[in-house]
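In order, the protein sequences belong to chains A and B.
Position one of the first sequence corresponds to residue 1 (the working numbering), numbered consecutively onward.
Position one of the second sequence corresponds to residue 887 (the working numbering), numbered consecutively onward.
For every residue, glycine included, the Cβ atom is placed at its ideal position computed from N, Cα and C.
For clarity, every value in this text was computed on a predicted model and none was experimentally measured.
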Amino acid sequence: MFRRRRPVEDFAAELESDLQLEIDRLQEEGMSADEARAAARRAFGNTTLATERFFESHRWRWWDQLTQDVRYAVRTLRKAPAFAAAAILTMAVGIGATTAIFSVVDATLLRPLPYPDPGQLVSVIDDLTGVGSRDVGLSQPEWLDLERSGIFEHISPAWYDENNLTGASRPTTVRLTIVAPNYFALLGVQPQLGRAFPPRDRNPGFTGDAVISDGMWQRGFGRDPNVLEKSIRLDTDLYRVIGVMPPDFRPPGLTPDERSVDVWAATSFYGPPLLMHPPRNVRNIPGAIARLAPGLTVAAAQVRVDALVAALRQEYPADYPAAAAWAVRLVPLRDRVMGGTRQPLLLLLGAVAVVLVIGSVNVANLLLARASARGRELAVREALGAGRARLVRQLLTESLVLSFAGAVSAVVVLFVAQGVLMRLVPAQLPRLHAITIDWAVLLFAFSAALLSGAIFGLVPALHAGRVDVIPALKHEGRGMTSSAGHATTRRLLVVAECALSLVLLVAAGLLVRSFWSLLHERLGFDPERVVTVRTRLPYPNDTSVDKYPTIAQEAPFVREVLRRVRALPGVDSVAVGSSDAIPLDPAQRILGLFPMLIEGRGTEATQAPLVDGTVVTPGYFELLGRTLVRGRLFTDFDSETAAGVAVINEAAARKFWPSEDPIGQHVKLSRSATAWTTIVGVVTDARTESLQDANVPVIYASAYQRSQKHLAIFLRGHIDVATAADRVREQVQAIDSTLPVFGAQALSETVSTSLSDRRFAIEAVGLFAVTALLLAAIGIYGVIAYLVSERTHEIGIRLALGADRRTILRAILGQGLGLVAAGLALGLVCAVIVSRLMSGLLYGVHPADPATFIVVAAALTLVGFCACYIPARRAIRIDPNLTLRN
Amino acid sequence: MSTKRREPLDLLQGTLDLLILRTLIFGPQHGHAIARAIKHTSDHELLVEHGALYPGLQRLEERRWITGKWGVSDNNRRARFYSLTALGRKQLAAETSKWKRLATAITRILESEPAEG
C-alpha cells in the first residue's frame, strides 16, 4: 500500500480555516475582532507545534530535517571558523591516519587472495620435528603421494629461483618459479595471451615451455603481439613462450621477489636435469601449494594428510626414521603469505584508532565548551517551541558535519598524497600493490566519521538536551547551563585522554627500546666499507651445454674472479661466497641447508640434522672482520683437489659438540657424499642470519670444494656502490660474457634495510604517539583553562580577601594534576595489557620494562603539568578589582 | 464568560480516538467543532488540545476510520469536514464496548467494600 500523504500546506490550511471559524463564532458571541482573534489563538494553542508534529509523521521528514539541520550546522560553523577549523583538522588527522592504515590492513589482512575460491588454497609444509627442522621442503615421491591422495584438487611445487637470461643485449637475471604443469589451473588464473601449461603433462624433464609475466612481456618484448612465436634462453636452455599472464596477476610468495616472478617453467620434477627416480628422502623441492578438493576444509584435509603421513612412515621406515618425526602441515595460503605482518599492522591500526579517539574526545570537549556558551541560544529555541529531541538531533548533526568534513578532507589528502605515502610502506609487505583507496576504504572512512561524530557529538548534545529553559534565559548573557554536569564530563574525558596517550606512548617507547637494543647489538661482523655484487652461474637442464658441471670448472672461475676484482682500484680485499653469505639480506632466501652427518654418532644419513650452510672462499671471514676462536680459517690450499674442510660458528660447536672439541671432527655435508669433511676452525657467532638471533648454528664450506651457482662478490675498500656493478661486470664478463652481474649494495645498507619494517613500525607508532600526546596536552589545557575561567569570580574574591596566590596556584594545579594522575593510573593498567599483547614485536626489552613506563609516565606528567600551569598562572594574575566589578 | 470551574481532566491515553469517532457519529464535522463538541458534551470536563487533535485526526484518517473532505461551512467559509467510514463505525462499536467493560470493572473496584475478616 503506497498512498500519497497530505502535503503540510493542506494541514496548515485546515488549521487556519478552523481558526477562522472559531474567530467567526466568537465574534457572533459579541467579541471584537481583535479579542476574538486573541481568544481563538489561545484556544488553539501552539499551532506551529501541531504542524510540526504533523510534519514529523511525514515519511520524508527525516530527510527534510537532515537537510535543514545540515544547512543550519554549516551556517553556525561558518560563524565560528576557528573552532570549525580546529575541529575539522583534528578529525581529519584522526580519520586520515586511521583510514590510511586501514587501507593497508584491508589489502593485506582482510581481502582474500585474488584467486578464485581462495579459501581452498593452502601451503604444504614438511617438518622434521624430531630433529628440530621446520619447512624442510618435500621430495618428488612425496609430492606424487599427496597428489594421488585425493585430498587435493591440485598440488604443485613452487620452486623459486633466479635464472640467467641470455640472448638479449646484455645478460640479466630473471625471477623464475619452477612449477608443476597444473600450477595455473590450481590458482585458477588464465593467461591474457596464449595458454598455460597442459595440466596433465607428466613427461620427464622440463616441458620446454615458458609462461611470462606482463612485466616481462613489456621489458623483454615491448608488448610484441607475436611474442608467442618467440623463445627465450634461460641458463642456456631454450624455452618457447606459450603464454603471457595478465598485468594484475601476482603469484603467492614469501618474499617480494617471489611475488614478482618474470617467468614460469614447468616440470614433473623427475628426469634430466633431475634424477630419473628421485629418492624419497631427498627433499629438494623447497615447497608446494595446493587447492583442497571441493568441500574439504583445511582441518579435515589435515586429518587425512596426517593419516597418509602415518601410512607412508610405516611403508618406508628407512626413509622416515621415527626419530625424525616427519610431518606435513597444511597452512592456509593467505596466512602463509601474510605471516608476520599481522601483529605490527594490528598494532598500527590500534595506534591510529587511539589517535582518532583522543581527537574525538578533544572535539567533544570543544563542543561542550561551545554548548555552554550556546546555552542561551538553545534555551531560546526551546522556548520558541523546538522539541528537545530535535535540539539533540540538531547538535548531533553539527558534530557529524564536522566529522564528515574531516573525513572528506582526509580522503582528499590521502588520494592526492597516496604516491608519497606508499613510499613509506616497507617493500617487504605482501600485496603492497593491492593497497588502494577503494570502496571498502571509503566505506571505512565514512563509518569512522559516523562513529567518531556520534561519540563526540552525543556527549555535548545530551548535555544540551538537559537545558533548563527558565534559569538559562534568566541568566542573562552568560547563559550557563548545567555546568556541574559539564565539568564532570570534561574531567572524565581528560582522564580518558591521558590514559590512552599513555598506552600509545608506552607502545612506542617499547618499540624504540627494542630498536635501540637491536641497533646496539654487536653484529659480530663489520659492514662498513663493504660492497657486495652478485652474479650467477647457469645451471642448464641440458647438461651437455653446462660450462660449470662440477667444482673442477667452478673453482678456477672463482679464483679468476678474485684475481681480477682484487686488482680494481680502491679495493683492499675481496672474497666470494654463496649469495646467502651476504649477512642479513632478506632477499637471499634461496638459502642452503646442509644435512650434517657427524662421524661416529651412528645416525643414518636420512636423520642428519639440517644446518644453515654457506659456501665461502678464503678471505671471507677476514674481510667481514669475523674473529677466529680456535683452529684455522680457509686458505688457498683448501682447493678442489685437497681434503674437504669446513668452519663452524660457536653456536654450531655448542649445539653439536657440547662437550668435545669440534676441531678435527669429521662430517658429511650431503647425503651422497662419500668423503668426510674435517672441521678445521670455529669462528665467533655473528648476527648474519637474523639481527634478533646470534645463536643460529652455521657451517661454512670452502667455495673451492663445494659447488654454488648463486654467487656474491665481497669487496672491501673505498668503493662507489653506484659504479661497483659496472666495474665488476667488466671483469666477470671478461671471463665469461654470458654471466649477469647485478645487485650491488653497500653491506651497511643491507643491514639497515633488514631493520626497515621495524623502523616503519616505530616511525608510524611514534608519530601517532606524539600526535596523541599533543592532542591530550591540548585537551588538558582546554579543560583546565575552562575550569579556571569558571572560577575567575571566586578566585577574584579569594584574592580580594587576601588569599595567598601560591595557595590558589597549588589548588588549581592540584586539580589538573589529579586528573592526569587518574589518567596515568588507568593508562598504566591498560599499557601492561597492551605491552603483553605486543611482546612478539619486542626485542631485548621486557614488556613491562620499568624504565619505559617511568619515562613515559614522567613525560606525560610533565606535559600535563605545563598544560595546567599556563591557565593556572593566568588565573592568579587576575586583578581582583576587575573580576569583582564584572 | 464562565463561572469558576474545576481544572479540566487530562485525557486518558488512547481515548481521544474514541471521542473523535463518537462525535462524528452525528454527522460530518470540522476539527475545531469536534473539539468544542467534546468539551461541551463532557460538561467542560474534557479539554482537547488542538496540538493533539489535528495530528489525531490525521492518524484516524490514515487508518481509514474517517475521511476528510474540504467543504463549505454554514457561514460560507472553507473547512475540512471529517466523516465516519464503515470501518470507523465498526471500530467505534468495538472501542465503545471495550471502554464500557473497562469502566465497569474500574468502578467495581473503586466501589467495593473492604473484605471482612
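For secondary structure counted as the beta strand (DSSP E) over 3 or more consecutive residues, the stretch 180 to 267 of chain A holds these complete runs in sequence order: 206 to 212, 231 to 234, 237 to 244, 263 to 267. Contact of residue 930 of chain B with chain A is not assigned, every C-beta pair being separated by 8 Å or more. Secondary structure of residue 976 of chain B (DSSP, three-state): helix.
For residue 27 of chain A, no chain B residue has a C-beta closer than 7 Å to its own C-beta; the minimum C-beta separation is roughly 10 Å.
Under a criterion of Cβ atoms nearer than 8 Å, the residues of chain B adjacent to residue 17 of chain A are, in order, 916, 963, 964, 965, 966. Residue ranges of uninterrupted alpha helix (DSSP H) with 4 or more members, entirely inside the stretch 395 to 466 of chain A and ordered along the chain, are 439 to 465. Less than 8 Å divides the Cβ of residue 528 of chain A from the Cβ of residue 748 of chain A. In this structure, residue 819 of chain A sits near residue 494 of chain A, with a CB-CB distance shorter than 8 Å. Secondary structure remark: continuous beta strand (DSSP E) runs of at least 3 residues inside the stretch 267 to 350 of chain A, in chain order: 288 to 292, 326 to 332. Flagged as an interface residue toward chain A: residue 959 of chain B, by a C-beta distance shorter than 8 Å. Judged by DSSP in its simplified three-state form, residue 69 of chain A adopts helix. Taking the Cα positions, residue 795 of chain A is about 21 Å away from residue 490 of chain A.
Taken in chain order, the unbroken stretches of beta strand (DSSP E) that lie wholly in the stretch 625 to 688 of chain A and span 3 residues or more are 628 to 631, 645 to 649, 666 to 668, 677 to 683.
Contact holds between the stretch 267 to 275 of chain A and the stretch 205 to 212 of chain A, because three or more Cβ pairs, one in each stretch, are under 8 Å apart. What residue 44 of chain A touches in chain B, judged by beta-carbon distance under 7 Å, is 936, going in chain order. Nearest CB-CB separation between residue 394 of chain A and chain B: not below the 8 Å threshold.
Comparing C-alpha distances from residue 18 of chain A to each of A:31, A:37, A:30, A:32 shows the shortest one belongs to A:37. Within the stretch 926 to 955 of chain B, the complete alpha helix (DSSP H) runs of at least 4 residues fall at 936 to 948.
The alpha-carbon separation between residue 623 of chain A and residue 535 of chain A amounts to approximately 19 Å. Contact between the stretch 650 to 668 of chain A and the stretch 254 to 263 of chain A is absent: fewer than three C-beta pairs spanning the two stretches fall below 8 Å. By the criterion of a C-beta distance shorter than 7 Å, residue 958 of chain B is surrounded in its chain by 964, once the five residues flanking it on both sides are discounted. With respect to residue 613 of chain A, residue 594 of chain A sits close: the two C-beta atoms are nearer than 8 Å. Across the structure, residue 369 of chain A and residue 992 of chain B are spaced so that their CA atoms are roughly 53 Å apart. Inclusion of residue 635 of chain A and residue 576 of chain A in the CB contact set at 8 Å is not warranted, their separation being larger than that value. The beta carbon of residue 20 of chain A falls within 8 Å of a beta carbon belonging to chain B, placing the residue at that interface. With respect to residue 461 of chain A, residue 95 of chain A sits apart: the two C-beta atoms are not nearer than 8 Å. At least one CB of chain B lies nearer than 8 Å to the CB of residue 14 of chain A. The Cβ atoms of residue 859 of chain A and residue 500 of chain A do not sit closer than 8 Å to each other. In the structure shown, residue 365 of chain A falls within a helical segment according to DSSP collapsed to helix, strand and coil.
Here the alpha carbon of residue 773 of chain A sits roughly 16 Å from the alpha carbon of residue 826 of chain A. Counting along the chain, residue 850 of chain A sits inside the alpha helix (DSSP H) bounded by residues 850 to 876.
In terms of Cβ geometry, residue 135 of chain A and residue 328 of chain A do not form a close pair [threshold 8 Å]. For a cut-off of 8 Å, the C-beta gap from residue 123 of chain A to residue 287 of chain A is around 7 Å, short enough to register as a contact. Taken in chain order, the complete alpha helix (DSSP H) segments of 4 or more residues contained in the stretch 696 to 766 of chain A are 721 to 735, 747 to 753. Residue 879 of chain A is outside the set of residues whose beta carbon lies under 8 Å from a beta carbon in chain B. Secondary structure at residue 74 of chain A: helix, using DSSP grouped into helix, strand and coil.
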